[in-house]
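**Q** Going by this note's numbering, the first residue of the sequence shown is number 1235, and it counts up by one from there.
Glycine included, C-beta positions come from ideal geometry on N, C-alpha and C.
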Amino acid sequence: MDGPPHLRMFIDGEWCDAASGASFEVRSPATGAVLATLPSAGREDVHRAVDAAEAAQPRVARLSVKERAELATRITDAIRPNVEAWALDLTLEQGKPIRESRLEVSEVIPNILWNTEDLKRVETPVLEGYSKPEMLYLLRREPLGTVAVITPWNYPWLLPGEFVVQALVSGNAVVFKPASTTPISAVHFLEAMERAGVPRGAMNLLTGPGGTAGAALVEHPRVDGICFTGETATGEEISHRAGLKKISLELGGAGPLIVLDDADLGKAARDIAFGCYNNAGQVCCANGRILVQESVHDALAHRVVEETRRWRLDDPRREETDIGPMNNAPTLAKVERHVAEGVGRGARVLAGGARATGRPTALYYPPTVVDGVTTEMRLGHAETFGPVAPLLTFRTLDEAVEMANLPRYGLSMAVHTANLHRAFSLARELKTGQVVVNDPVLYWDYNHPWGGFRRSGIGRVAGKWTIESFTELKTVIVNVGESPKPPP
Ligand code: NAP
């Protein structure tokens, strides 16, 4: 019988193995089967990929915007016919329900096209000298050079789909390192790029461990920019190692959804379930914590439990499944630790709370509601990253603000209220990259700036901000006054 396929990395326009010959397995969280083996990149492979990128980058930078836009369109054309097949592979390697996977793979197409339109419309000003009127300052946006893109496993298509092609069409060459539990989607993305005719060396894929291949890439002296998405602790480590490279960090969150006493509780409960259980809660902008005003706590808790019962935990390949297995054992172990610690300190489980048995793997964890959570518990201040709705109560708006800002994460927060004045006054006080009024914390669109305050990151992406983050401003200073006298 045939074993699982062996997939390869992509360096300097060639599919290849690691120089050391080392490889690793990718196992499905849904079925437990080994889906593929892939090369485990080491330092030598990182050097080769950076060399290839460095050699290719000037050629990329010389492409006209028209040529770059046409390349981006060809990449999307190469993804489109494969959405169904690649969504199934995403479900198998990541564990998310097939409906979510289809949406994720297909969303990459308009996202790339949106950014390509942004690129076509980049405008830079021409300034007149302030103290020297004979001078003109012509501003240009120029690529960073060689950019490393490192991504996590929770959105193996959407996140590379926000960065990889965008870095390239901004004139950079790219070395892309995806997460080790979901590299198959990255291989497919590279297949699409190869079919689209990406210039040799301009796009390289390294598979293998973050602690070795990722760290070597971050430290490499000829990498000019790093675009990292992942845990806050990893982001901190990367920012130490990166030195003076241009760095954009999209990190963790523990975003609160705040329910005031005048909110529509039915809508709030639906949004709580969606933002807590979508992608099994493995979302940077999940509703990490539910802060509910004391007087409506009981009514809301009842509705949240009712909503939770509607979410079907099952094989993610089934169309009816709402929640699949978690992606990996360490993440599930963290969820269990957080729930157990909360219960040990007096919190109560209202729904779920223990791994499902009789499933193909031990990674199936049901949607879970925990009540009576306080900010001292991990469920009340840390990123749990699983399908859990921790309920905390507050009395005054000031108290809600203090609880929301306490963990010093600031990616996305939400407020549910019928009163716009109260919503705006909270929006001013919450220290976060975005505040969502009357929708889940889990909110994303193509065209508003995305990024965190404080421990949630550095920089902004999405829409025109993506192009800005992959380029630098250069000023060309021109003397348009009297010509200098020719030498005698
Ligand atoms: P992670 O452990 O930090 O890993 C992210 C990526 O970094 C993976 O490719 C990983 O490789 C690599 N890596 C690990 N250690 C590294 C090192 N020392 N140097 C360079 N690269 C290294 O995060 P994760 O568990 O995959 O993802 C979940 C986290 O991502 C959550 O905290 C979530 O909130 C955050 N996230 C944030 C956003 C956002 O937009 N702000 C979006 C999505 C996710 P390996 O897989 O080989 O370890």
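With DSSP as the reference, label leucine 1637 as helix, strand or coil.
**A** Taking the first residue of the sequence shown as position 1, residue 1637 is located at position 403. Looking at the sequence provided, one finds methionine at residue 1637 rather than leucine. DSSP places methionine 1637 in helix when its eight states are reduced to three.
**Q** For leucine 1707, list the residues DSSP reports as bridge partners.
**A** To locate residue 1707, count along the sequence shown from 1; it is residue 473. Arg1375, per the DSSP bridge assignment.
**Q** Ligand 1 heavy atoms versus the CB of valine 1381: any closer than 7 angstroms?
**A** Within the sequence shown, the letter at position 147 stands for residue 1381. Answer for valine 1381: no, Cβ out of range of ligand 1.
**Q** Output needed for arginine 1537: all residues of its chain with C-beta closer than 7 angstroms, excluding positions within five of it in sequence on either side, in chain order.
**A** Stepping through the sequence shown from its first residue, residue 1537 is reached at position 303. Within the same chain, arginine 1537 has close Cβ partners Leu1499, Gly1500, Ala1503.
**Q** Go to valine 1605, then tell me how far its beta strand (DSSP E) extends in each direction, as first and last residue.
**A** Here residue 1605 refers to the residue found at position 371 when the sequence shown is read from its first residue. For the record, residue 1605 in the displayed sequence is aspartate; it is not valine. Unbroken beta strand (DSSP E) run through aspartate 1605: 1602 to 1605.
**Q** Around the C-beta of arginine 1694, are 16 or more other C-beta atoms found within 10 angstroms, so that it is buried, or is it exposed?
**A** Taking the first residue of the sequence shown as position 1, residue 1694 is located at position 460. So arginine 1694 ends up on the buried side.
**Q** From Glu1633, Leu1597, Gly1586, Cys1461, pick the residue whose C-alpha is nearest to that of proline 1564; which is it?
**A** For the purposes of this step, residue 1564 is taken as the residue at position 330 of the sequence shown. Comparing Cα positions, the closest option is Leu1597.
**Q** What is the rounded straight-line gap between the Cα of glycine 1580 and the Cα of leucine 1491?
**A** As a position in the sequence shown, residue 1580 is number 346, starting the count at 1. As a position in the sequence shown, residue 1491 is number 257, starting the count at 1. Cα-Cα distance, rounded: 22 angstroms.
**Q** Is it right to say asparagine 1214 is buried, meaning 16 or more other beta carbons lie within 10 angstroms of its own, or is it exposed?
**A** For residue 1214 there is no data in the structure shown, the boundaries of the chain being 1235 and 1722.
**Q** Report yes or no: do the stretch 1540 to 1560 and the stretch 1503 to 1522 share at least 3 C-beta pairs separated by less than 8 angstroms?
**A** Touching, yes, given that three or more Cβ pairs across the two stretches are closer than 8 angstroms.
**Q** Please determine whether the Cβ atom of isoleucine 1313 lies at a distance below 7 angstroms from any heavy atom of ligand 1.
**A** Counting from 1 along the sequence shown, the entry for residue 1313 is found at position 79. No; taking the cut-off as 7 angstroms, the Cβ of isoleucine 1313 has no heavy atom of ligand 1 nearer than that.
**Q** Within a Cβ cutoff of 6 angstroms, which residues of the same chain sit near histidine 1422, ignoring the five residues on either side of it in sequence?
**A** For the purposes of this step, residue 1422 is identified with residue 188 of the sequence shown, where counting begins at 1. Trp1320.
**Q** Buried or exposed: which applies to glutamate 1484, given that a residue is buried once 16 or more other Cβ atoms fall within 10 Å of its Cβ?
**A** As a first step, residue 1484 is located in the sequence shown; it is residue number 250 there, counting from the start. It counts as buried.
**Q** Using the three-state DSSP reduction, which class does tryptophan 1249 fall into: helix, strand or coil?
**A** Working through the sequence shown from its first residue, we reach residue 1249 at position 15. The answer is strand: DSSP assigns tryptophan 1249 an E or B state.
**Q** According to DSSP, is glutamine 1291 part of a helix, a strand, or is it coil?
**A** One-based indexing of the sequence shown puts residue 1291 at position 57. Helix at glutamine 1291.
**Q** I'd like the list of long-range same chain contacts for lysine 1480, defined as Cβ closer than 6 angstroms, with 5 residues on each side in sequence excluded.
**A** Start at 1 with the first residue of the sequence shown, and residue 1480 comes out as number 246. These residues qualify, in order along the chain: Leu1378, Gly1459.
**Q** When you compare the stretch 1388 to 1406 with the stretch 1290 to 1299, are there three or more beta-carbon pairs, one atom per stretch, that lie closer than 8 angstroms?
**A** Short answer: they touch.
**Q** Let me confirm a value: tyrosine 1364 is counted as buried when at least 16 other C-beta atoms fall within 10 Å, else exposed. Which label applies?
**A** For this step, residue 1364 is matched to residue 130 along the sequence shown. So tyrosine 1364 counts as exposed.
**Q** Among residues of its own chain, excluding the 5 on either side of threonine 1358, which ones have a beta-carbon nearer than 7 angstroms to its beta-carbon?
**A** By one-based count along the sequence shown, residue 1358 stands at place 124. The answer, listed in chain order, is Leu1373, Arg1374, Arg1375.
**Q** In this structure, does DSSP put proline 1669 in helix, strand or coil?
**A** Translated into positions along the sequence shown, residue 1669 becomes position 435. It is worth fixing the name first, because residue 1669 is valine in this sequence and not proline. Valine 1669: strand per DSSP, three-state reduction.
**Q** For the alpha helix (DSSP H) that contains threonine 1350, what are its first and last residues?
**A** For the purposes of this step, residue 1350 is taken as residue 116 along the sequence shown, with counting starting at 1. Per DSSP, threonine 1350 belongs to the alpha helix (DSSP H) from 1332 to 1354.
**Q** If you drop the 5 nearest sequence neighbours on each side, which residues of the same chain put their C-beta closer than 8 angstroms to that of glycine 1697?
**A** Numbered from its first residue, the sequence shown carries residue 1697 at position 463. Same-chain partners within the cutoff: Trp1348, Asn1349, Asp1352, Tyr1680, Asn1681, His1682, Pro1683.
**Q** Report the option in Pro1721, Glu1716, Pro1720 whose CA atom is closest to the CA atom of glutamate 1368.
**A** On the sequence shown, residue 1368 is found 134 positions in, with the first residue counted as 1. It is Glu1716.
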